[in-house]
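Numbers 22 to 153, taken from my numbering, label the letters of the sequence shown in order. No residue lacks a Cβ here, since even glycine has one placed at the ideal position from N, Cα and C. Just so we're clear, the structure is a prediction, and the values are computed from it rather than from any experiment.
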Amino acid sequence: MTSKLSVGPSVTPASTPVKLPVLPLGCTWQPDGSVLMRLEKPVSLKGENNHGSNSVDIDELVFRDLDGGAMIDMTEYRISGHRMRFLIGVSTGHVGAVGEKIVRAINGRDFRRAEIIIDIFTDVGLTIGTSD
22 MTSKLSVGPS VTPASTPVKL PVLPLGCTWQ PDGSVLMRLE KPVSLKGENN HGSNSVDIDE
82 LVFRDLDGGA MIDMTEYRIS GHRMRFLIGV STGHVGAVGE KIVRAINGRD FRRAEIIIDI
142 FTDVGLTIGT SD
């Protein structure tokens, strides 16, 4: 006697819309999952190159999700302000001396909004129960 296995049509369950966390005023989620933050006050960096003096104005920052490497590297900073400066720089791609200048130059409200975005990217949600 032979038995046959019957396989029905492939059914994909309906996806549940993902509710994104609420961002600070002036910040928007981008289709790729990054966050665009328009600065209240643009940051102006001045410098020189082979052609003479120049300046660059930065009026927005784009934050991308952090990876494990950034979280590991963050542990090298013992002071919370230094950790946050590092995470904002890594998340926005502004690292090194120039990145530090940018992060230090943004105004206080923009810095607080940046902290909130970093907190959203690193939030693990509610934890329930206890560990033994």
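- If you look at R125, you'll find it in the alpha helix (DSSP H) that goes 117 to 126.
- Closest in C-alpha terms to V56, from the list S65, P38, L87, comes L87.
- A Cβ-Cβ distance of about 13 Å is found for the pair I109 and P45, leaving them out of contact under the 8 Å criterion.
- Taking one beta carbon from each stretch, the region 93 to 100 and the region 70 to 85 have fewer than 3 pairs nearer than 8 Å; the two do not touch.
- R130 carries a helical assignment under DSSP once its states are collapsed to helix, strand and coil.
- Taking C-beta separations shorter than 7 Å and ignoring five residues to either side along the sequence, the partners of V77 in its chain run L66, following chain order.
- The DSSP assignment places 89 to 95, 101 to 113 as complete runs of the alpha helix (DSSP H) inside the region 42 to 122, in order along the chain (cut-off: 4 residues).
- Excluding the 5 residues flanking it on each side, D131 has same chain C-beta neighbours closer than 6 Å at L60, E61, in chain order.
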